[in-house]
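J.: Using my numbering, the letters of the sequence shown map in sequence onto residues 962 to 1298. Here a beta-carbon is modelled for each residue, glycine too, at the ideal position from N, C-alpha and C. The structure follows.
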Amino acid sequence: MDKRYDVIVIGAGHAGCEAALAASRRGCRVLLITLNLDSIAILAGSTSFGGPKEGRLLLEIDKLGGRMPVNISKTLIFSNENSLTGSFKDGTKIILVDKREYHLEMKRFLESEPGISLLQDVAVGLLMRENRVAGVAGEFCGNIFSDNVIITTGTFLKGTVFTGTSSFLAGRAGEIASEALAQQLLDLEFRLGRLKVGSGPCIDGETINKDKVRAQSPGEKQDSFSTRSKPEERRRRNCYIINPGPQTYALIKEMISWEISRRASTSLPKDQQQQGCLAGWGDLWLGEKANHQVILEPVGQRTVEMYMHGLTTSLPEENQRALIRTMEGLENAKIMR
């Protein structure tokens, strides 16, 4: 393989893909390094795009010639102008894509770009020369040289996954964390911040009692965030909307008390212990007055998995199962992830 490139991008999530494409379109020879070629642009939790912040950003990316909005159009499985909330015109609409198809479509497009090379390897460090970056050290492919390195590692720099009282190092569930690169950045006196990214469980759609939940079907009018691509014709999937009841909120109060007690054993300041706990529940902790909705989102066309949007938590699996089964229509629901 080539050992010198104009630009090296570490990490092939949304940001890494767009960075590689932007550099390639300016005539650069680009190497995009990822821990797993089968995880390029993979969606870790919800398969939804849009909302007041992300939707407007997608509109801007589209105007700048980015790929994400086009990729969304090509893999869309739920879009309804009259459903859920928001509008396509201002980007606040929320739509869903097929998780696996989104990844495959982005990977195929990157492979078709003549200026981009893809590489599966572990970036264990940066090569430095006279206090300037000179390339990347790969665990398997050795040193690769470039005067420009873009780091788009997302949650992978010494990432940790928490489920209840258990935790393990991972970029996301099922994938290794990037430890060596994170340590080198610290040694180089970069300041690294850390964000808590919560995720809801995925349940088996075949275990939902669909007579007890409100179906939201995709409408005839299909639209997206791209002005350069219209949604492709494909089979659409329903969403299902659940309004948690008194039994759910009563159990949530018990679980919040348990979680605050657990956080009290950590080194976090007391105000951060409670604030972090409540933030993880969105507005569910407010109780019935929040009028909160949990939306069951299809993960793709070829799977029965449904993602529970609006139920972000890091509780132990048995607690999550008990909570889910207090909701009408989910009395026999089975957790898959």
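List the endpoints of the continuous beta strand (DSSP E) containing residue 1258.
T.: The residue given as residue 1258 occupies position 297 in the sequence shown. Residue 1258 -> beta strand (DSSP E) spans 1255-1259.
J.: So what does DSSP say about residue 1199, is it helix, strand or coil?
T.: On the sequence shown, position 238 is the one that residue 1199 refers to. Three-state result, residue 1199: coil.
J.: Using DSSP's beta-bridge definition, name the partner residues of residue 1081.
T.: If you number the sequence shown from 1, residue 1081 lands on position 120. Beta-bridge pairing links residue 1081 to 995.
J.: Helix, strand or coil for residue 1117, going by three-state DSSP, please let me know.
T.: For the purposes of this step, residue 1117 is taken as residue 156 along the sequence shown, with counting starting at 1. Three-state result, residue 1117: coil.
J.: Grouping DSSP H, G and I as helix and E and B as strand, with all else coil, what is residue 1292?
T.: Position 331 of the sequence shown, counted from the start, is the residue given in the question as residue 1292. Reduced to three states, the DSSP call for residue 1292 is coil.
J.: Since residue 1269 contacts residue 1161 with CB under 8 Å, what's their CB separation in whole angstroms?
T.: Your numbering for residue 1269 matches position 308 in the sequence shown. Your numbering for residue 1161 matches position 200 in the sequence shown. Contact flag correct, Cβ pair sits at about 4 Å.
J.: Might you give, ordered along the chain, the residues of its own chain that have their beta carbon closer than 6 Å to the beta carbon of residue 1140, omitting 5 neighbours on each side?
T.: As a position in the sequence shown, residue 1140 is number 179, starting the count at 1. Closer than 6 Å at the Cβ level, and outside the excluded window around residue 1140, lie 1119.
J.: With residue 963 and residue 1261 assumed to form a contact (beta carbons below 8 Å), what rounded beta-carbon distance in angstroms separates them?
T.: Mapped onto the sequence shown, residue 963 falls at position 2. Mapped onto the sequence shown, residue 1261 falls at position 300. No, residue 963 and residue 1261 are not in contact; Cβ-Cβ is about 35 Å, not under 8 Å.
J.: Rounded to whole angstroms, what's the CA-CA distance from residue 978 to residue 1208? Just pull it up for me.
T.: In the sequence shown, the residue the question calls residue 978 occupies position 17. In the sequence shown, the residue the question calls residue 1208 occupies position 247. Whole-angstrom Cα-Cα distance: 44 Å.
J.: Using a threshold of 8 Å, state whether the C-beta atoms of residue 1178 and residue 1031 are closer than that.
T.: On the sequence shown, position 217 is the one that residue 1178 refers to. On the sequence shown, position 70 is the one that residue 1031 refers to. The answer is no: Cβ separation not under 8 Å.
J.: May I ask which residues mark the beginning and end of the alpha helix (DSSP H) holding residue 1102?
T.: Taking the first residue of the sequence shown as 1, we reach residue 1102 at position 141. No alpha helix (DSSP H) contains residue 1102, which DSSP labels as neither H nor E.
J.: Roughly how far, in whole angstroms, is the beta-carbon of residue 1153 from the beta-carbon of residue 1147, given that I think they are within contact range, below 8 Å?
T.: Counting from one through the sequence shown, the residue named residue 1153 turns up at place 192. Counting from one through the sequence shown, the residue named residue 1147 turns up at place 186. The Cβ separation is near 6 Å, so the contact holds.
J.: Beta-carbon separation of residue 1057 and residue 1278 under 8 Å?
T.: For the purposes of this step, residue 1057 is taken as residue 96 along the sequence shown, with counting starting at 1. For the purposes of this step, residue 1278 is taken as residue 317 along the sequence shown, with counting starting at 1. Cβ atoms of residue 1057 and residue 1278: not closer than 8 Å.
J.: Can you give me the C-alpha to C-alpha distance between residue 986 and residue 980, rounded to a whole angstrom?
T.: Your numbering for residue 986 matches position 25 in the sequence shown. Your numbering for residue 980 matches position 19 in the sequence shown. Cα to Cα, the separation comes out at about 10 Å.
J.: Report the option in 1089, 1099, 1176 and 1214 whose CA atom is closest to the CA atom of residue 1039.
T.: Along the sequence shown, one-based indexing puts residue 1039 at 78. Out of 1089, 1099, 1176 and 1214, 1176 has the C-alpha closest to the C-alpha of residue 1039.
J.: Ordered along the chain, which non-local residues of its own chain (more than five positions away) have a Cβ less than 8 Å from that of residue 1099?
T.: By 1-based counting over the sequence shown, the position of residue 1099 is 138. Result list for residue 1099: 994, 1080, 1082, 1083, 1084, 1085 and 1105, in chain order.
J.: Considering only their Cβ atoms, is the gap separating residue 974 from residue 1103 smaller than 8 Å?
T.: Taking the sequence shown and counting its residues from 1, one reaches residue 1103 at position 142. Taking the sequence shown and counting its residues from 1, one reaches residue 974 at position 13. The answer is no: Cβ separation not under 8 Å.
J.: Would residue 1168 and residue 976 be called neighbours here (beta carbons separated by less than 8 Å)?
T.: The residue you call residue 1168 lines up with position 207 of the sequence shown. The residue you call residue 976 lines up with position 15 of the sequence shown. Not closer than 8 Å, so no.
J.: Please list, in chain order, all residues of the same chain as residue 967 whose beta carbon is under 6 Å from its beta carbon, the five residues on each side excluded.
T.: Working through the sequence shown from its first residue, we reach residue 967 at position 6. Contacts found: 989 and 990.
J.: Kindly provide the ranges of any alpha helix (DSSP H) runs that are 4 or more residues long and lie completely inside the segment 1126-1191, ordered along the chain.
T.: Taking only runs of at least 4 residues, the alpha helix (DSSP H) segments lying wholly in the segment 1126-1191 are 1140-1148.
J.: Do residue 1011 and residue 1055 have their C-beta atoms closer together than 8 Å?
T.: Position 50 of the sequence shown, counted from the first residue, corresponds to residue 1011. Position 94 of the sequence shown, counted from the first residue, corresponds to residue 1055. Their beta carbons are under 8 Å apart, which means residue 1011 touches residue 1055 by this criterion.
J.: With DSSP as the reference, label residue 1095 as helix, strand or coil.
T.: Locating residue 1095 in the sequence shown gives position 134, counting from the first residue. In this structure, residue 1095 counts as strand in the three-state DSSP scheme.
J.: By the DSSP assignment, the beta strand (DSSP E) with residue 1057 in it spans what residues?
T.: Residue mapping note: residue 1057 aligns to position 96 of the sequence shown, counting from 1. Where residue 1057 is concerned, the enclosing beta strand (DSSP E) stretches over 1055-1058.
J.: Rounded to the nearest angstrom, what separates residue 1292 and residue 997 at their Cα positions?
T.: As a first step, residue 1292 is located in the sequence shown; it is residue number 331 there, counting from the start. As a first step, residue 997 is located in the sequence shown; it is residue number 36 there, counting from the start. Looking at the two C-alpha atoms, the distance is approximately 37 Å.
J.: Closer than 8 Å, CB to CB, is residue 1090 near chain D or not?
T.: Absence of chain D from the displayed structure is noted, only one protein chain being present.
J.: Does DSSP put residue 1025 in a helix, a strand or coil?
T.: Within the sequence shown, the letter at position 64 stands for residue 1025. Residue 1025 falls in the coil class under three-state DSSP.
J.: Would you kindly work out how many angstroms separate the C-alpha atoms of residue 1037 and residue 1092, rounded to a whole number?
T.: Along the sequence shown, read from residue 1 onward, the residue named residue 1037 stands at position 76. Along the sequence shown, read from residue 1 onward, the residue named residue 1092 stands at position 131. Computed Cα separation, rounded: 45 Å.
J.: With 16 other CB atoms within 10 Å as the buried threshold, where does residue 1294 fall?
T.: Position 333 of the sequence shown, counted from the first residue, corresponds to residue 1294. Buried, because 16 or more other Cβ atoms sit within 10 Å of the Cβ of residue 1294.
J.: Looking at the structure shown, is residue 1265 part of a helix, part of a strand, or coil, going by DSSP?
T.: For the purposes of this step, residue 1265 is taken as the residue at position 304 of the sequence shown. Residue state, collapsed to three classes: coil.
J.: Throw me the rounded Cβ distance for the residue 1265 and residue 1165 pair, which I believe falls under 8 Å.
T.: What you label residue 1265 is simply residue 304 of the sequence shown in a count that begins at 1. What you label residue 1165 is simply residue 204 of the sequence shown in a count that begins at 1. So it is a contact: roughly 6 Å between Cβ atoms.
J.: To which residues of the same chain is residue 1284 closer than 6 Å at the C-beta, ignoring the five residues directly before and after it?
T.: For the purposes of this step, residue 1284 is taken as residue 323 along the sequence shown, with counting starting at 1. For residue 1284, where only same-chain residues beyond five positions count, the Cβ hits under 6 Å are 1212.
J.: Beta-carbon separation of residue 1132 and residue 1117 under 8 Å?
T.: The residue given as residue 1132 occupies position 171 in the sequence shown. The residue given as residue 1117 occupies position 156 in the sequence shown. Result yes, Cβ atoms of residue 1132 and residue 1117 sit closer than 8 Å.
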